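Trainee: Input: one structure, supplied below.
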Amino acid sequence: MRLTLRYKLLVRLGLLTLLLTAEPQLLRAQPAPYTLQLLHAADQEAGLPALDDAPRFSAVLKALRDGQAVGQSAFLNTLTLSSGDAYIPGLFFETSEAALGGPGRADILIQNELGMQAIAVGNHEFDFGPALVSRLIRPDSGYPGTAFPYLSSNLDVSTSSDLADLVVPNGQAPQPHSMAGSTVFTVNGEHIGVVGATAPTLDVISSPGDVGVLPAGSDRMPDLAAVIQPTVDALLAAGINKIILLAHLQQLQLEVELAGLLSGVDIIVAGGSNTILANADHRLRDDETRTPLGAYPLPLTSATGDPVVVVNTDGNYRYVGQLVVDFDAQGLIMRVRDESGIFATDEAGVDLVYGRDVDPRAESHPAVVAIVDSLRTVIDGLFANAIGQTDVFLEGRRSQVRSEETNLGNLSADASLAYARFYDPSVVLALRNGGGIRGAIGDVITPPGGTGEVVFHPPANGRITQPDVQNALRFNNALALVTVTAADLKALFEHGFAASEYAADGTPLNTQGRFPQIAGARVVFDPAQPPGARVQHLALVDEQGEVLDLLVDNGLLVGTPDRTLRIVTLSFLAEGGDGYPFPQDTSTNRVDLLAQALPVDLPNQFDFADAGSEQDALAEYLFQQYPPDDDPQTPAFSQAETAPADDLRIRMVSTEAPSRVSEED
1 MRLTLRYKLL
11 VRLGLLTLLL
21 TAEPQLLRAQ
31 PAPYTLQLLH
41 AADQEAGLPA
51 LDDAPRFSAV
61 LKALRDGQAV
71 GQSAFLNTLT
81 LSSGDAYIPG
91 LFFETSEAAL
101 GGPGRADILI
111 QNELGMQAIA
121 VGNHEFDFGP
131 ALVSRLIRPD
141 SGYPGTAFPY
151 LSSNLDVSTS
161 SDLADLVVPN
171 GQAPQPHSMA
181 GSTVFTVNGE
191 HIGVVGATAP
201 TLDVISSPGD
211 VGVLPAGSDR
221 MPDLAAVIQP
231 TVDALLAAGI
241 NKIILLAHLQ
251 QLQLEVELAG
261 LLSGVDIIVA
271 GGSNTILANA
281 DHRLRDDETR
291 TPLGAYPLPL
301 TSATGDPVVV
311 VNTDGNYRYV
321 GQLVVDFDAQ
331 GLIMRVRDES
341 GIFATDEAGV
351 DLVYGRDVDP
361 RAESHPAVVA
371 IVDSLRTVID
381 GLFANAIGQT
391 DVFLEGRRSQ
401 VRSEETNLGN
411 LSADASLAYA
421 RFYDPSVVLA
431 LRNGGGIRGA
441 IGDVITPPGG
451 TGEVVFHPPA
461 NGRITQPDVQ
471 NALRFNNALA
481 LVTVTAADLK
491 ALFEHGFAAS
501 EYAADGTPLN
511 TQGRFPQIAG
521 ARVVFDPAQP
531 PGARVQHLAL
541 VDEQGEVLDL
551 LVDNGLLVGT
561 PDRTLRIVTL
571 SFLAEGGDGY
581 PFPQDTSTNR
591 VDLLAQALPV
601 DLPNQFDFAD
611 AGSEQDALAE
621 YLFQQYPPDD
631 DPQTPAFSQA
641 ETAPADDLRI
651 RMVSTEAPSR
661 VSEED
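First residue of the sequence shown: 1, per the numbering used here; consecutive thereafter.
Here it is, written out as structure tokens:
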């Protein structure tokens, strides 16, 4: 029954190239298989929900590893691996300094306690540059550093003054406090090679500094495969015939494509896309609002026609992945066992794994509980700092802010535009990336068991607090003023929509962080057109939506293409982050607000974020427009999230997709 469901689901998605089945008599003819249990995660990148989800993740992981899970066997051969992004900037990351003596230490200590044996280098590892990566890997004054190696076969860290001395040879036994392209685990006498790979777009989505990124200047999977294959071949030449690739490539379709370009790789653990793969009999979290993109695992074919499977789970400690496979004597996958699947880490998920009502904290590793509690003590005190008030749920979930206009995207952009005008009244537009919004403000409520309608509530008492702002805008990018031409602005929006893909029902198939969120403009794009020709309409508008300047109509520039406009954006984007083609010459008259004197009339109610940053802009804007007082006459933010067809700032041609958000105040 499981294989039938998997077959139908994969055919519908167009992802099936090989179905891993075998006749019973053929299985009996094989020598005794080697069974491996792979417990895996991706994109742990903790935000505020991890205060609860990390201990629950630990409890589920322990049950699976120890054979305590209901309906599960105890497997002698187990590896625990992650495909990257062990941490991310934000409140969880930052409060680790006060609680544990350094930013990010809580994240690494949790990986150690979970028993992670190797982690791929993700993009967020480098968000603060190589020096921070170095500090987190190395032990220091009671801080143990990483108990595992970081892996990437397409990064050259030997060029980095911060990381070069951490490099160890490929193909060796795993070493703590190290970086390598590959490592080899010996599990009950069998050698298993593990290789890492990082998105080749690292230099435009993060800050690798002097680290070399290969293939240089190319994000084509054939080019990446050519870089990875020699590392795999070296393992094969050493007699290792079971190989796992931890691939942090940001989009699942890239890992699927890569599977068919490599030879010798048996399992690919994908990362960076937060994609859910699941079968019909896998329970999803009660707060899950997305449909799985495919079956677990995806059975594919390597470049040499051998079986290779791809697995992926959602991040943020929301699911534990468990892949159980049988290898034959040649190291080929004979069978994917029925125990394989994803395990939700909400309270009901923990109870289901244990087969009884349990206290997740009691089943978790005690050190994980202690770590999150040390952060909670710091964070809880910040909730008293009210910033504003809202009557509606503020939509900041990944699948929405990276595919459509959202009310939190609008609010953040409005705040940046209003804030920038204190520095320069000529600013007409705010442009930010959806990928910089890392969480919603409010609560997603699903009836127990996943039955009934999902509702989206505003935060408790309608109060928007300091942690809400810090969690939603975790990177806290600086704001920058830039002068662009009309032609430049069209090119910027073309880039923002270039990767957008949608299913027939409007479901986003690609959620790259470049998708824009805006204020001061209205844009219509057509994803059916080729990249570079998708912007059909673009106009500057006032607060009432009246057109001030029509820039693009029917896909063509209107008026003088070199007329200039003053806009506000994130410094990350102004520097080319997410690949945005901002002009880098002096004609942009770029002004970074962090470096500017505070305008005398700029509201300055809060000091938890630097003046000139996106968090400060949102906090000051909320306090001025929607102050958090008890006066019934004081307005609260009330612009409810709308269906894509009803969006006003960013419209998709012929958008008819139904709303994916139900509002309940």
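Every residue, glycine too, gets a C-beta built ideally from N, C-alpha and C. Keep in mind that this is a model prediction, so the values were computed, not measured.
Tell me whether the stretch 301 to 314 and the stretch 262 to 271 touch, counting them as touching only if at least three CB pairs, one residue from each stretch, are closer than 8 angstroms.
Mentor: yes
Trainee: Please confirm whether A420 and R432 have their CB atoms less than 9 angstroms apart.
Mentor: For the purposes of this step, residue 420 is taken as residue 420 along the sequence shown, with counting starting at 1. For the purposes of this step, residue 432 is taken as residue 432 along the sequence shown, with counting starting at 1. Contact flag unset, no.
Trainee: Using the C-alpha atoms, what's the distance from A234 back to D505?
Mentor: On the sequence shown, position 505 is the one that residue 505 refers to. On the sequence shown, position 234 is the one that residue 234 refers to. Annotation: D505 to A234 spans about 45 angstroms, alpha carbon to alpha carbon.
Trainee: Grab me the residues of L13's own chain with a C-beta within less than 6 angstroms of its C-beta, minus the 5 sequence neighbours each way, in chain order.
Mentor: The residue labelled residue 13 in the question sits at position 13 within the sequence shown. Confidence at L13 is low in this model, with a pLDDT of 40, below 50, so the placement of that residue should be treated as unreliable; the coordinate-derived value is given next. Contacts found: G294.
Trainee: In angstroms, rounded to a whole number, what distance separates the CA positions of S58 and S374?
Mentor: As a position in the sequence shown, residue 58 is number 58, starting the count at 1. As a position in the sequence shown, residue 374 is number 374, starting the count at 1. The alpha-carbon atoms of S58 and S374 are separated by roughly 17 angstroms.
Trainee: Looking only at C-alpha atoms, which of G181, L76, R361 and S141 sits nearest to V187?
Mentor: For the purposes of this step, residue 187 is identified with residue 187 of the sequence shown, where counting begins at 1. Nearest C-alpha to V187: L76.
Trainee: For I464, tell me which candidate among G436, G388 and N510 has the shortest Cα-Cα distance.
Mentor: The residue given as residue 464 occupies position 464 in the sequence shown. Considering only alpha carbons, the answer is G388.
Trainee: Under 6 angstroms Cβ to Cβ from F126, same chain only, skipping five residues before and after it: list those, please.
Mentor: As a first step, residue 126 must be located in the sequence shown, where it is residue number 126. Contacts found: S206, S207 and P208.
Trainee: Mapping the DSSP letters down to three states, classify L598 as helix, strand or coil.
Mentor: Here residue 598 refers to the residue found at position 598 when the sequence shown is read from its first residue. Reduced to three states, the DSSP call for L598 is coil.
Trainee: Give the secondary structure of Q470 by DSSP, where H, G and I count as helix, E and B as strand, and everything else as coil.
Mentor: Residue 470 sits at position 470 when you count from the first residue of the sequence shown. Note: Q470 maps to helix in three-state DSSP.
Trainee: Taking 9 angstroms as the cut-off, decide whether the C-beta atoms of A491 and R514 are in contact.
Mentor: Sequence index remark: in the sequence shown, residue 491 carries index 491 (1-based). Sequence index remark: in the sequence shown, residue 514 carries index 514 (1-based). Cβ distance not < 9 angstroms, so A491 and R514 don't count as in contact.
Trainee: What three-state label does DSSP hand L557 in the structure shown?
Mentor: Against the sequence shown, residue 557 aligns to sequence position 557. Correct three-state label for L557: strand.
Trainee: Determine whether the beta carbon atoms of F93 and G104 lie at a separation below 9 angstroms.
Mentor: Here residue 93 refers to the residue found at position 93 when the sequence shown is read from its first residue. Here residue 104 refers to the residue found at position 104 when the sequence shown is read from its first residue. In contact: F93 and G104 (Cβ atoms closer than 9 angstroms).
Trainee: Measuring alpha carbon to alpha carbon, tell me which residue in V311, P297 and G90 is nearest F83.
Mentor: If you number the sequence shown from 1, residue 83 lands on position 83. Contrary to the premise, residue 83 reads as Ser rather than Phe in this sequence. The option with the nearest alpha carbon to S83 is V311.
Trainee: Would you decide whether N316 is buried or exposed? Buried here means 16 or more other CB atoms lie within 10 Å of its CB.
Mentor: Position 316 of the sequence shown, counted from the start, is the residue given in the question as residue 316. So N316 counts as buried.
Trainee: V378 and A98: beta carbons closer than 9 angstroms?
Mentor: As a working note, residue 378 is residue 378 in the sequence shown. As a working note, residue 98 is residue 98 in the sequence shown. Yes, Cβ-Cβ distance for V378 and A98 is below 9 angstroms.
Trainee: Going along the chain, which residues of its own chain have a beta-carbon closer than 7 angstroms to the beta-carbon of E23, five neighbours each way excluded?
Mentor: One-based indexing of the sequence shown puts residue 23 at position 23. Confidence is the limiting factor: at E23 the pLDDT is only 37, short of 50, which leaves the residue's position unreliable, though a coordinate-based value still follows. Around E23: no qualifying Cβ.
Trainee: Output the residue ranges of the beta strand (DSSP E) runs that lie fully inside the stretch 280 to 330 and measure 3 residues or longer, sorted by chain position.
Mentor: 298 to 301, 307 to 311 and 319 to 327
Trainee: Verify whether the separation of the beta carbon atoms of G272 and D578 is less than 9 angstroms.
Mentor: In the sequence shown, the residue the question calls residue 272 occupies position 272. In the sequence shown, the residue the question calls residue 578 occupies position 578. No, these two residues do not count as a Cβ contact at 9 angstroms.
Trainee: What is the rounded straight-line gap between the Cα of D165 and the Cα of G212?
Mentor: Here residue 165 refers to the residue found at position 165 when the sequence shown is read from its first residue. Here residue 212 refers to the residue found at position 212 when the sequence shown is read from its first residue. Going by the C-alpha atoms only, they are around 15 angstroms apart.
Trainee: Give a yes or no on whether the C-beta atoms belonging to V269 and A247 are separated by under 9 angstroms.
Mentor: Locating residue 269 in the sequence shown gives position 269, where the first residue counts as 1. Locating residue 247 in the sequence shown gives position 247, where the first residue counts as 1. Going by C-beta atoms, V269 is nearer than 9 angstroms to A247.
Trainee: Indicate whether P458 and G442 have their beta-carbon atoms separated by less than 9 angstroms.
Mentor: What you label residue 458 is simply residue 458 of the sequence shown in a count that begins at 1. What you label residue 442 is simply residue 442 of the sequence shown in a count that begins at 1. In contact: P458 and G442 (Cβ atoms closer than 9 angstroms).
Trainee: Taking DSSP as the reference, what is the three-state secondary structure of L540?
Mentor: Here residue 540 refers to the residue found at position 540 of the sequence shown. In the structure shown, L540 sits in a strand (DSSP, three-state: E or B).
Trainee: Would you call P299 buried or exposed, if buried means 16 or more other Cβ atoms sit within 10 Å of its Cβ?
Mentor: In the sequence shown, the residue the question calls residue 299 occupies position 299. Answer is buried; the Cβ neighbour count reaches 16.
Trainee: Report the start-end ranges of each alpha helix (DSSP H) in the stretch 599 to 659 that is 4 residues or longer and not cut off at the edges.
Mentor: 614 to 625
Trainee: Considering only C-alpha positions, which residue in the set Q517, A519, F497 and D210 is nearest to L509?
Mentor: Against the sequence shown, residue 509 aligns to sequence position 509. Out of Q517, A519, F497 and D210, F497 has the C-alpha closest to the C-alpha of L509.
Trainee: Hey, would you say T231 sits closer than 9 angstroms to S161, going by beta carbons?
Mentor: Within the sequence shown, numbered from 1, the residue matching residue 231 stands at position 231. Within the sequence shown, numbered from 1, the residue matching residue 161 stands at position 161. Contact: no.
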